[in-house]
Amino acid sequence: YLKISKLALAFAIIHSKPPGKSSKEYTEYLAKTVSEQDFGWKWKVEVLEAEVLRLRQELLLNKISPRFCLENRKQDTSAETLLGQDSINPTSYSSQLEDSGCDVCNDSAFDSLGIASNFHQSEDNVNPSKHWLERVPPLNLCHTSKEQSVTAPMHFLQHLLEIRKLSEGGILQADFSELENDSFTICNSVSQLLDGLTIFYNSPTFPAPSFLTEGVRVLISLITDTKLSNHVLKNCFKKMEEFKKNLIQIILRNRNVNRFQALHSISQTLGLLGRNNILRNSLISLLLSEVRQFAEQLLQAYQVLSSF
5 YLKISKLALA
15 FAIIHSKPPG
25 KSSKEYTEYL
35 AKTVSEQDFG
45 WKWKVEVLEA
55 EVLRLRQELL
65 LNKISPRFCL
75 ENRKQDTSAE
85 TLLGQDSINP
95 TSYSSQLEDS
105 GCDVCNDSAF
115 DSLGIASNFH
125 QSEDNVNPSK
135 HWLERVPPLN
145 LCHTSKEQSV
155 TAPMHFLQHL
165 LEIRKLSEGG
175 ILQADFSELE
185 NDSFTICNSV
195 SQLLDGLTIF
205 YNSPTFPAPS
215 FLTEGVRVLI
225 SLITDTKLSN
235 HVLKNCFKKM
245 EEFKKNLIQI
255 ILRNRNVNRF
265 QALHSISQTL
275 GLLGRNNILR
285 NSLISLLLSE
295 VRQFAEQLLQ
305 AYQVLSSF
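The opening residue of the sequence shown carries number 5 in the working numbering; numbering runs sequentially from there.
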């Protein structure tokens, strides 16, 4: 049946090809046209999926705390606030560049020390009585760019954390049992954030955008929060494991990531993930596995050299 179908398709192409074009050229033209249409449909599907997730996120937040969503709609803070917060001047860090020995095409610096320091500062400065909504961008989660692959899920998770802090301080009433009824939304949001972070770590920009640091901070806050961590780890543990494996592979095998600043940034993220007791053991196992594999490769190389 497959052979007959291919033969029929070949005859159809030959009989329908326009004058002045060979069958091969017309076949390539048709294949390109179909491919472009397929890409267009895939893009439309991704947009629709992002919109569905956005609506589910808004619905979940509204179920957890209707008052929070009502107050958030009154905020006129732009969703681009976080993206515009980068005030790092690349030239001011030019003297701090450290190279791993490989050539690079960009001499700007990568500010990696901000991740850990900013995270600890945010923990120390937490004030539940403060109206946190003033500094959290409104929920606007449609994916339209590479940056929004991080910022879109991050903003939703930020709102979730703000509700948690406000409810803990007695300022806001919240029903977190709704998370049990909609594990898909939080799991999908965390997965998208992890994928977005992986993309940026795999191809780091100099200096590091502030939303990248904020994304890591939000992730760490989620897995260290006593109430929210169970929901995240229960539904996203495999994705977290994949994320850690990807970070380790980026450090060891990605030739494009060769600034010590970039490598240190990734190792800082791994260190922060290791603060969680559940993630720590598996992270240590992954690192020891890589060390063991490297030791075996060294032994094999030594044995080969010894044979000569």
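Idealized CB from N, CA, C, for every residue including glycine.
Exercise. Could you check which residue in 20, 205, 177 and 164 has the C-alpha nearest to that of residue 194?
Key: Counting from one through the sequence shown, the residue named residue 194 turns up at place 190. If we check each option's Cα against that of residue 194, 164 comes out closest.
Self-check item: Inter-residue Cα distance where the pair is residue 182 and residue 306
Solution: In the sequence shown, counting from the first residue as 1, residue 182 sits at position 178. In the sequence shown, counting from the first residue as 1, residue 306 sits at position 302. Whole-angstrom Cα-Cα distance: 58 Å.
Self-check item: residue 12 to residue 45 span [Cα, whole Å]
Solution: Stepping through the sequence shown from its first residue, residue 12 is reached at position 8. Stepping through the sequence shown from its first residue, residue 45 is reached at position 41. Distance between the alpha carbons of residue 12 and residue 45: 26 Å.
Quiz item: Can you name the start and end residues of the alpha helix (DSSP H) that residue 23 belongs to?
Solution: Within the sequence shown, the letter at position 19 stands for residue 23. No alpha helix (DSSP H) holds residue 23; DSSP gives it neither H nor E.
Practice problem: Would you decide whether residue 168 is buried or exposed? Buried here means 16 or more other CB atoms lie within 10 Å of its CB. | Solution: Here residue 168 is taken as the residue at index 164 of the sequence shown, counted from 1. By the 10 Å Cβ count, residue 168 comes out buried.
Quiz item: Is the CB-CB distance between residue 2 and residue 21 below 8 Å?
Solution: This structure cannot settle anything about residue 2, because the visible part of the chain is limited to 5 through 312.
Quiz item: Taking one C-beta from the region 240-256 and one from the region 198-209 each time, how about it: are there three or more such pairs within less than 8 Å?
Solution: yes
Quiz prompt | 8 Å Cβ shell around residue 248 - same chain, five flanking residues per side excluded | solution = Numbered from 1 along the sequence shown, position 244 holds the residue referred to as residue 248. For residue 248, where only same-chain residues beyond five positions count, the Cβ hits under 8 Å are 274, 277, 283, 286, 287 and 290.
Quiz prompt | Per-residue burial, residue 201 [other beta carbons within 10 Å of its own, 16 or more giving buried] | solution = Numbered from its first residue, the sequence shown carries residue 201 at position 197. So residue 201 counts as buried.
Practice problem: Please list, in chain order, all residues of the same chain as residue 267 whose beta carbon is under 6 Å from its beta carbon, the five residues on each side excluded. | Solution: If you number the sequence shown from 1, residue 267 lands on position 263. If we look at residue 267 and ignore the five residues flanking it on each side, its Cβ neighbours are 255.
Quiz prompt | Cα-Cα separation, residue 178 to residue 190 | solution = Locating residue 178 in the sequence shown gives position 174, counting from the first residue. Locating residue 190 in the sequence shown gives position 186, counting from the first residue. Their backbone Cα atoms lie some 16 Å apart in a straight line.
Quiz item: Just how far apart, CA to CA, sit residue 24 and residue 38?
Solution: Position 20 of the sequence shown, counting from 1, holds the residue named residue 24. Position 34 of the sequence shown, counting from 1, holds the residue named residue 38. Approximately 21 Å, taken between the alpha carbons.
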